[in-house]
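Engineer: Under the UniProt record's numbering, the sequence shown has 165 at position 165, and the numbering climbs by one with no breaks.
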Amino acid sequence: MVCGSGLCESTVVTHGKRVYGTCMAGLCDCRRKPLYSAYPVCQNRLRSERNSHLQPYRFSSIAKMRFVISVLLFLVFISCGVAYDPLDPNGNITIRWDVMSWTPDGYVAVVTMNNFQMYRHIMSPGWTLGWTWAKKEVIWSMIGAEATDQGDCSKFKGNVPYCCKKNPTIVDLLPGTPYNQQFQNCCKGGVVASWGQDPASSVSAFQVSVGQSGTTNKTVKLPKNFTLLGPGPGYTCSPAKIVPPTNFFTPDLRRKTRALMTWNVTCTYSQFLASKHPSCCVSFSSFYNATITPCPSCACGCENKNNCIKSDSKLLSMVGLNTPTKGNTPLLQCTHHMCPIRVHWHVKLNYNNYWRVKISITNFNYRMNYTLWTLVAQHPNLNNVTQVFSFDYKPLIPYQSINDTGMFYGMKFYNDLLMEAGPFGNVQSEVLMQKDQNTFTFKQGWAFPRKVYFNGDECMLPPPDAYPNLPNSAQRNLFGLSMLIYSVFFLLIRLW
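#1: Looking only at its own chain, which residues have a Cβ that is under 6 Å from the Cβ of residue 315, when we skip the five neighbours before and after it?
#2: Confirm, please, whether the CB-CB distance from residue 449 to residue 282 is below 9 Å.
#3: Please report the residue range of the alpha helix (DSSP H) in which residue 274 lies.
#4: Kindly indicate the opening and closing residues of the beta strand (DSSP E) around residue 395.
#5: Short of 6 Å in beta carbon distance, which residues of its chain neighbour residue 243, apart from the five on each side in sequence? Order them along the chain.
#6: At what residue ranges does the region 140-176 contain a whole run of the alpha helix (DSSP H), taking only runs of 4 or more?
#7: Enumerate in chain order the residues of its own chain whose CB-to-CB distance from residue 385 is below 6 Å, with the five nearest sequence positions on each side excluded.
#8: Taking the straight line between their C-alpha atoms, what separation do you get for residue 75 and residue 85?
#9: On the DSSP letters alone, give me the boundaries of the beta strand (DSSP E) that residue 120 sits inside.
#10: Residues in the same chain with beta-carbon distance under 7 Å from residue 420, minus the five sequence neighbours each way, listed in chain order, please.
#11: Please name the residue in 377, 351, 350 and 139 whose C-alpha comes closest to that of residue 360.
#12: Spatial neighbours of residue 141 within its chain, please: C-beta separation below 6 Å, excluding the five flanking residues on both sides.
#13: Quick check on residue 198: does DSSP put it in helix, strand or coil?
#14: Counting pairs of Cβ atoms below 8 Å between the region 278-293 and the region 250-261, do you hit three or more?
#15: Mind checking residue 455: buried by the 16 CB within 10 Å criterion, or exposed?
#16: Going along the chain, which residues of its own chain have a beta-carbon closer than 8 Å to the beta-carbon of residue 274, five neighbours each way excluded?
#17: Determine the direct distance from the alpha carbon of residue 241 to that of residue 199, and round the result to whole angstroms.
#18: Compare the beta carbon distance of residue 191 and residue 114 with 9 Å and say whether it is the shorter of the two.
#19: Would you mind sorting residue 497 into buried or exposed? The rule is 16 or more other CB atoms within 10 Å of its CB.
#20: Please list, in chain order, all residues of the same chain as residue 97 whose beta carbon is under 7 Å from its beta carbon, the five residues on each side excluded.
#21: Roughly how far, in whole angstroms, is the beta-carbon of residue 329 from the beta-carbon of residue 229, given that I think they are within contact range, below 8 Å?
#22: Which same chain residues end up closer than 7 Å to residue 389 when comparing Cβ atoms and leaving out the 5 residues on each side of it in sequence?
#23: Take the Cβ of residue 164 as the centre, count every other Cβ of all protein chains shown within 10 Å, and call the residue buried at 16 or more, exposed below.
Okay, structure coming up:
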C-alpha cells in the first residue's frame, strides 16, 4: 500500500477489521487501532517521515554540542594564558605613568611599578620593561633606569636623544649608582619584593623625558604593546588605560598636587606561559611511617638530564662553575626529579594538643641562589599556627572566611638567601600547630599540604596513593606511645 491523495489506494484487513488510511501532508494517518500492526506500510512511512523531521533537530543538537565544547576549550586555553591564581586572585603588577610636566616637544613622566602580588617577587637579574611608541617619540633623558639600546639617532643633529628606538627596552640601575643618576625607589638591580613579604620594597620607579610627542592631554598618544620580564617570561600586560590623575602629598601632608595625566598598565603572571614544566616538587615523610615519599620522577622535565652534574663530580671544583650565564640556563644536580627546588614536608612529632612539622627547602641549581624566596602552603590546620621557629610567617586570607593558606619566607640577614646547590644550599624550619580535635587526623594523608608554591610557582606533589600511610595499630596507640616516650625522657632528666 502506498499513500496517495485522499484515501489510501488500498485497505488492509487485520484481525477481521478493515482499516482505512488517509494521507495528510504526506503522513499516513491510520484512524483505527492497532495502527502499526494493522498498517505496516503506514508504519514504515510514519517512521521515515518522523526521522526526516527529527534529522534537522539532531544536526542542530550536534552543532550546539560542538559549539559548547569549542567555547569550553577556548575558555580553558584563555584561562591558561591569562593569569588567575586562586590563592592570590587580585595579584598583579601595575605600571603607572604620571605626566608631571610638559616640555616644548613632549613631557616628563614618572613611571612607577607596584608589585601587588602577595608572594611572587621579581628576583635577580631583575625586571625588563618594554613598549612600542604610538608615533615617532624619542627619549631625551632618563633617571633611575636605562635603555639597553640607543637605537638609530643618525637623523638628529646637535642634541642627540638618549634613545631613538621605536620599541625601547628598559632595565633598572644597579645598587651603588651615583646619586645624581638615582630616583626614588630605583637602583635595586630590578629586584622587587612581593607585597605580602615587604610592601615598602615592592615598588620600583624611574623618570623619563619624552620628545616628539603630544604636549597636551588630547595630543599625547599612549604607548602600546607593553611587555614585562620578571626576570623570565610569564607576564602578560594589558593595553594602557587613562585613569584619574594621581594625587601627591608633601611630606607634611599639608599640600596636595596631582599629575597632569595618568595611565595604567596591568601585568598578570601565568605559570603556563612561563614554563611548560613545574620548577619545584614536594616530597613527604612522617614519624609514623618509615617510608619516604619522593618527588615524582621527571617532575620538572628530564630535558636537562644529559647536562646535569652528579653531587660527587670533579667538575664541581671548576672555577666559575657557579657563575650565571646570560640566558640564566640552569646547571642542575642529577636527580630523578630534575627540579631546581625540592620542598620536603616531614610530620615530626605528635603532642596532646599540638603537632609539629619540619619544612626543608633544597636548591639543586648550581648557578642560582634565591634572594627573598617565598614558600606558600595550603593546609586546613594553618589556621592554628602557634609558632614558626626559623622562618617568618604570614597568613594569606584571599577570601576572608577561609584561613588555610600561609606564606613562609626567610628572616632578613639570616636565611632570606637560599644559596646555590651544595652543602649550604638549603634552609629549614619547624612549625608548631594547635590541633582542632574535630578535624585533626593522621589518616588518608590529612597531615600533608594540599598545595605548595615556591617563589609563586606551584610545585608538583606526589600522587595521593603514595603518601605515607598510618599503620593500623598506630591509630590506637599513637598518642600513648608519644606520651610514654616523653614520660621516660622527663623521668631520666629528673633522675639526672
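Note that beta-carbon positions come from the ideal geometry of N, C-alpha and C, so glycine has one too. Computed from a predicted structure; not experimentally measured.
Structural biologist: The relevant details are as follows:
#1: 309
#2: yes
#3: 271-274
#4: 391-396
#5: 262 and 264
#6: none
#7: 433
#8: In this predicted model, residue 75 has a pLDDT of only 47, less than 50, meaning its place in the structure is not dependable; the value taken from the coordinates is given anyway. Rounded to whole angstroms, residue 75 to residue 85 spans 16 Å at the Cα level.
#9: Counting along the chain, residue 120 falls outside any beta strand (DSSP E), and DSSP gives it neither H nor E.
#10: 322, 363, 365, 366, 367, 368 and 369
#11: 377
#12: 162 and 209
#13: coil
#14: no
#15: buried
#16: 232, 233, 234 and 457
#17: 25 Å
#18: no
#19: This structure cannot speak to residue 497, because the chain is shown only from 1 to 496.
#20: 109, 111, 262 and 263
#21: So it is not a contact: roughly 16 Å between Cβ atoms.
#22: 429 and 430
#23: buried
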